[in-house]
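Each remark here refers to the structure printed beneath this line.
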Amino acid sequence: MAAKTSARVRTEAPAFRRAGKLAVVSGASRADGDSRLDRLVYERVRLGMMSALAVRDELTFSELKALFDVSDGNLSAHARKLEEARYVSCTKSFDGRRPKSVYRLTAAGRAALNRYLDHVEAVIKATRRG
Amino acid sequence: MRQPHTVALDSHAAATLRYIRACMEAAGTVAVSGSAGVTMGAVGLLAAALASSPALRPHWLIVWLIAATVAALAGGVLMARQASRQGFTLFGAPVRKFSLCLAPGLFGGAVMTLVLWQAGDQRALPGTWLLLYGCALISTSAPTTRIVGVLGSLFALLGLVTFLLPESLQNIALGCGFGGLHLAVGILIRRRSRGSED
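Residue numbers (our numbering), protein chains in the order written: chain A, 1 to 130; chain B, 1001 to 1198.
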């Protein structure tokens, strides 16, 4: 499989750490529900998981862990939040004696990622226009 | 004037987009272009036909070296086009991994060609080419798809068989490998991708 341990994602840490929430872009109204969903996608590891799953049909827990270099507990917590929001689906099975969790992006998750991307693009356009 | 600890909104958003792109590239695999396989196969078959003609038979080595260059260029351009369509940059992680996996086998093949040519042992060249190209393809199956590994195994197997073949049949073996196998797998990939390629 691709994206093994060597394929760790390089981060843009300083910009992310210093920045707060995304500002609401003028003209792009969002309902309360959407705001909540945006915050769910906004978190760095969850955004990374959804982006990675957008280009791969499925990724195992181990592959995601190697990709983002996070602990089991941390990744589990993020994955659970995405599952609860029905943005990703998880299939659990056994590979021999070892448990195996396979994650897939759902249609709702893809739509949420697209919405988020639209929002980020709108921020860039609005800022550069002004 | 901007404060030293503030981040411009657009730069933060641009950093987010870069992060998303990096995640997609790190997780992504290079989709092998079926068109590249078909084109390389056609070049291989043409080279086999030319190298077996009485006029060009003494120059078979030059014919195959030209064919290899043409096929590599055509395959490279078609693969780059495919990667670009997927939204991957040419120097992004998946394409870089693919190139790094492919390069050692091809470099070994180039060195062995020079060594065997200087030693006057041209009989061993077809088997060496097929075997090392097969090994290179097996390596590239990691950042691509399983079918590339299968193709590599077939090349490597054909290479081993070619070492045992008489000289008169070695050009046919090269045609079967670089022509037939490329063409067959290229058509298979195109069928699987169901017209997503041009």
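Backbone N, C-alpha and C fix where the C-beta goes; we use that ideal spot for every residue, glycine too.
- Residue 1013/B places its beta carbon less than 8 Å from that of residue 120/A.
- In the structure shown, residue 87/A adopts coil according to DSSP, grouped into three states.
- In this structure the region 1152–1159 of chain B touches the region 1130–1141 of chain B; the number of beta carbon pairs closer than 8 Å is three or more.
- Taking a cut-off of 8 Å for Cβ pairs, the region 1048–1059 of chain B and the region 1171–1179 of chain B touch, as three or more such pairs fall below it.
- Cβ-Cβ distances below 8 Å link residue 51/A to 113 in the same chain, with the five nearest sequence neighbours on each side left out; the list follows chain order.
- When beta bridges are read from the DSSP output, residue 102/A appears opposite 60/A, 91/A.
- Residue contact check for residue 1177/B against chain A: no CB pair falls below 8 Å.
- For residue 120/A, the neighbours in chain B by C-beta distance under 7 Å run, in chain order, 1013, 1016, 1017.
- A Cβ-Cβ contact shorter than 8 Å links residue 1116/B with residue 1124/B.
- Counting along the chain, the unbroken alpha helix (DSSP H) around residue 118/A starts and ends at 107–129.
- The Cβ atoms of residue 1138/B and residue 1032/B lie no closer than 8 Å to each other.
- In this chain, residue 1181/B is not harboured by any alpha helix (DSSP H), its DSSP state being neither H nor E.
- If you draw a straight line from the Cα of residue 69/A to the Cα of residue 75/A, it comes to about 9 Å.
- Assignment of residue 1015/B by DSSP, reduced to helix, strand and coil, places it in the helix class.
- The C-beta of residue 123/A comes closer than 8 Å to at least one C-beta of chain B.
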